[in-house]
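For reference, the structure discussed in these notes is given below.
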Amino acid sequence: MTELFDSHAHYNDPQMTEKKVTPDLAYAEGVTCILNAGTNLVTSKECLELAEQYPFCVAAVGIHPSDCGKCGELQDAMQTLCSLASHSKAVAIGEIGLDYYWDDMPREVQKQWFSDQMELARELKMPVVIHDREAHGDTFDMICRYPEVIGVMHSYSGSIEMAKEYLKRGWYISFSGVVTFKNAARVREIVKTIPTDRILVETDCPYLSPVPMRGKMNHSGYLHYTAETVAEQLGMDAQEFAHVSAQNAKRLFKLE
Ligand code: NI
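Residue numbering for the sequence shown follows the numbering used here, beginning at 36 and increasing consecutively.
Here it is in structure tokens:
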């Protein structure tokens, strides 16, 4: 494939930097754009630095639900985030959302930080990248409070019905290597129900390596396995799907 957009990566993750796995390796393998997603103020800045260094990288800046209590006072953090978001290569606020799986931060705190970042996205007219782990109901409630804000549900794990609700509101759905897992028949069924103009693909590297690379450290060079599986579910030519999904990402992140 010659035109893949990795809509969610973490090339600043220590696992990747220690092994010197850099975005340019992926570029050589047909990936034409990579969005690195921040998880707190420090990593968001790192994502912007990667975007400065690599012309085909862009960044999302935001505070992950597991990090929201560790970024100082909420108001100060929002001010810093606002200035990071003004960088020319910041294309989204993310990754933000709710995580009730690890549940390492009180839910009320997670909701407050999520809400304030949605508010920031509204003010800045930027899309958002959403992390929702076992918090489908509360995440959806929050999205409904900000109808002007659209974004992408990263590594989608909700139901078909919920996906329909997001699609109705103009949202995009992103699939990761999980879609290739043997036990993920349910996710593959969901893929079939998503209109082709609303699907993105991602690695979430260094995590979630697709089959047949499962167990190895993930990077964007493996994204084609995920794209091929999604294309197959849609009954689409893989190259055509790569092109369409890259266009979707460019539309969402206003890169056209
Ligand atoms: Ni992530």
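The beta-carbon is built from N, C-alpha and C at its ideal position, and this holds for glycine as well.
Exclusion of the five residues before and after Val-236 leaves Leu-39, Phe-40, Asp-41, Ser-42, Ser-209, Phe-210, Ser-211, Leu-258, Thr-261, Ala-262, Val-265 and Ser-280 as the residues of its chain whose Cβ lies within less than 8 Å of its Cβ.
C-alpha of Gly-193 to C-alpha of Leu-155: approximately 25 Å in a straight line. Under a 10 Å Cβ-count criterion, Ala-220 is classified as exposed, with fewer than 16 other Cβ atoms of the shown protein chains found around its own Cβ. Asp-41 has its Cβ no nearer than 7 Å to any heavy atom of ligand 1.
Separation of the CB atoms of Thr-174 and Gly-132 is rounded to 6 Å, and the pair is thereby assigned contact status at 8 Å. Bridge partners of Tyr-207 according to DSSP: Val-187. In its chain, beyond the 5 residues on either side, Asn-75 have a beta carbon closer than 8 Å to the beta carbon of Lys-105. DSSP places Asn-71 in the strand class (E or B) of the three-state scheme. With a minimum length of 3 residues, the unbroken runs of beta strand (DSSP E) contained wholly in the region 102-138 fall at 125-134. For Val-164, the closest alpha carbon among the candidates Ala-86, Val-77 and Ala-95 is that of Ala-95. Leaving aside the five residues that flank Leu-202 on each side, the residues in its chain whose CB is nearer than 8 Å to its CB run, in chain order, Ile-208, Ile-229, Pro-230 and Arg-233. Judged by their CB atoms, Lys-217 and Gln-268 are not nearer to each other than the 8 Å cut-off. Taken from the Cβ of Glu-130, at least one heavy atom of ligand 1 lies inside 7 Å. Beta-bridge annotation (DSSP): Asp-41 is paired with Ile-69 and Val-236.
Taking 8 Å as the cut-off, the beta carbon of Thr-215 is found closer than this to the beta carbon of Val-246. Scanning its chain for C-beta atoms nearer than 6 Å, with the 5 sequence neighbours on each side dropped, one finds around Asp-239 the residues His-43, Ser-190 and Ser-211, in chain order. Counting along the chain, the unbroken alpha helix (DSSP H) around His-278 starts and ends at 273-287. According to the DSSP assignment, His-166 belongs to the beta strand (DSSP E) that extends over 163-168.
Per DSSP, Val-144 is not a residue of any beta strand (DSSP E); the alpha helix (DSSP H) it occupies stretches across 142-159.
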